[in-house]
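Structure record follows, encoded as structure tokens.
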Ligand SMILES: NC(=O)c1ccc[n+]([C@@H]2O[C@H](COP(=O)([O-])OP(=O)(O)OC[C@H]3O[C@@H](n4cnc5c(N)ncnc54)[C@H](OP(=O)(O)O)[C@@H]3O)[C@@H](O)[C@H]2O)c1
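In this note's numbering, the protein residues as written are 126 to 318.
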């Protein structure tokens, strides 16, 4: 049985993924660590109450190094001698600046970069020791092309894709597989990527 950690599990894709993982048999999925930045998600609370032996709620903000490192310590304590098998870096934010990059406040860009780009890096770095002792050694980075960077989407994508590539190069011998995943819900006529 594999252990999973999903960030951004309060709602949306992260919540649904957590739900679907918990529906799989214990022979396939053991513990599921659902990470949210606050305690306020009622649907997640319901999931955890329904599967108290497998679902574990952990709080951390992916833009806060200390909270991510604390989350890694909490998960390690729950796993005991086991490692973490699969890390799903799903937490993210999007923002819309009607005037595009010309009017987007730099602070907003910096915040989005911190959450969407540095965030996955923080989480991988904190959980790497646990991933290295896991059996599957998998990371999935659910990523977004930040819309205020509409004119520079290729560039944003390159940055986001570079994070997992560097991790793989650096940690090649430990054989951790890092894959980017970009959900598509909306048609993006202007997207060239
Ligand atoms: N849905 C799409 O069409 C689409 C397309 C491309 C990419 N994506 C990406 O796929 C991922 C999931 O999308 P979604 O549609 O499920 O998004 P969503 O409904 O907006 O959910 C985003 C999740 O990320 C969490 N989050 C945001 N900032 C955080 C932070 N600083 N620390 C920890 N958690 C944080 C949110 O927590 P709170 O509830 O506390 O806000 C929420 O749980 C995101 O990374 C998104 O950018 C989605």
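Ideal placement from N, C-alpha and C gives every residue a C-beta, glycine not left out.
Residues bridged to residue i (per DSSP)
| i | result |
| --- | --- |
| residue 302 | 263 |
| residue 130 | 158, 212 |
| residue 242 | In the DSSP output, where bridge partners are listed per residue, residue 242 has none listed. |
Neighbour flag for residue i against chain C, beta carbons, 8 angstroms
| i | result |
| --- | --- |
| residue 153 | Of the protein chains in this structure there is only one, and it is not chain C. |
Any non-hydrogen atom of ligand 1 within 7 angstroms of residue i CB
| i | result |
| --- | --- |
| residue 131 | no |
| residue 139 | yes |
| residue 303 | no |
| residue 171 | no |
| residue 161 | yes |
| residue 199 | no |
Option nearest residue i by Cα separation, candidates the options
| i | options | result |
| --- | --- | --- |
| residue 201 | 239, 174, 236, 128 | 128 |
| residue 219 | 235, 208, 207 | 235 |
| residue 207 | 150, 262, 142 | 262 |
| residue 244 | 216, 211, 153 | 216 |
| residue 184 | 176, 158, 172, 258 | 158 |
| residue 306 | 150, 241, 167, 177 | 241 |
| residue 154 | 249, 209, 193, 190 | 209 |
| residue 188 | 264, 249, 300 | 249 |
As assigned by DSSP and simplified to three states, the class of residue i
| i | result |
| --- | --- |
| residue 202 | helix |
| residue 192 | helix |
| residue 180 | strand |
| residue 164 | coil |
| residue 218 | coil |
| residue 149 | coil |
| residue 207 | coil |
| residue 276 | For residue 276, the predicted model reports a pLDDT of 49, less than 50, meaning its position is unreliable and no value from the coordinates is stated. |
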